[in-house]
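Going by the UniProt record's numbering, the sequence shown opens with residue 1, and the numbers climb by one from there. Note that CB positions come from ideal geometry on N, CA and C, so glycine has one too. Down below is the structure, laid out as structure tokens.
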Amino acid sequence: MVNVKRVKIALTKGRIEKEAVDMFQRAGIDCSEIMNKGRKLIFHNLKDNIDFVLVKAPDVLTYVEHGVVDIGIVGKDTLLEQNKNFYEVLDLGFGQCKFSLAGPKNSDFYSGYNRKKIATKYPNVARDYFRKLGQDVEIIKIEGSVELAPILGLADAIVDIVETGNTLKENGLVVYKDICKISARMVVNMASMKMKKNEIQKIINRVQIQIDKKERALS
Ligand code: AMP
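Below, the structure is given as structure tokens:
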């Protein structure tokens, strides 16, 4: 008898959770239980031999890197911010937003010679962006509501995720420069890719078919 190995998948809780569940459902991999979950964090799909776990975005890569889950579904923002080892295998196309440099509407960020202060929840992304530009800035790590930092005078600008742009607008801020696009990705633990090659490739193929279908429908 063929020994089918169990695959564990970590889904990011919150913003991309519903679209990730929809994607797996369309691919014929049942995880509908997640949507009626209450406080439960682990779900077993016995038919496909898959366990789903729900975790916070920054923890997805920790679980994937340590190999306690084989696959992670997480935003590109998290991949860019964390320096972890994994294979990025699919751009899932949903959870689209962008990293932008933004600041007060009526201020000229690019004028003057003073060292600019940048507030952000993503210090590595911000540092990397300004390093590539050769611009020396001070990065100030903020845990939430980064938009407040330039309003209160803590920073000249922010590096943050922009989706609709409404949060910036409502706080009198504008985008100075877009840094990069973001969407949800599928990542795989490096050892699992070898040890559970067939099982993981089957999941990737089933999801890839759904991505292609969606792209064709949109074109
Ligand atoms: P919006 O007003 O639609 O442009 O959304 C921007 C606000 O939502 C900012 O405070 C962002 O930090 C936050 N945000 C938007 N999308 C995401 C995301 N995918 N992950 C984390 N935060 C996000």
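Annotation for Met190: the continuous alpha helix (DSSP H) segment containing it runs Met190 to Met195.
Note that the C-beta distance between Ile158 and Glu147 is below 8 Å. Here DSSP, grouped into helix, strand and coil, assigns Ser100 to strand.
The region 195-212 and the region 122-130 do not touch, with fewer than 3 CB-CB distances between them shorter than 8 Å.
When secondary structure is reduced to three states using DSSP, Glu215 falls in the helix class.
Assigned with DSSP and collapsed to three states, Thr164 falls in coil, not helix or strand. Of Val21, Glu88, Leu152 and Lys76, the smallest CA-CA separation from Ile161 is found for Lys76.
Nearest to Val207 by alpha-carbon distance, out of Met23, Leu79 and Lys117, is Met23.
Annotated three-state conformation of Phe43 is strand, per DSSP. Distances from the CB of Asp178 to the heavy atoms of the ligand AMP are all 7 Å or more. Closest option to Val53, judged by alpha-carbon separation, among Leu152, Ala27, Val21 and Gln82: Val21. The three-state secondary structure of Ile71, taken from DSSP, is strand. Residue environment: Glu81 is assigned as buried (16 or more neighbouring CB atoms within 10 Å of its CB, all protein chains considered). In the structure shown, Leu11 falls within a strand segment according to DSSP collapsed to helix, strand and coil.
For Gly103, the shortest C-beta to heavy atom distance toward the ligand AMP is 7 Å or greater. When the beta-carbon positions are compared, Asp91 and Ser192 stay at least 8 Å from each other. About 6 Å separates the Cβ atoms of Ala119 and Leu154, confirming a contact at the 8 Å cut-off. Inclusion of Thr167 in the 7 Å shell around the ligand AMP follows from its C-beta lying nearer than that to a non-hydrogen atom of the ligand.
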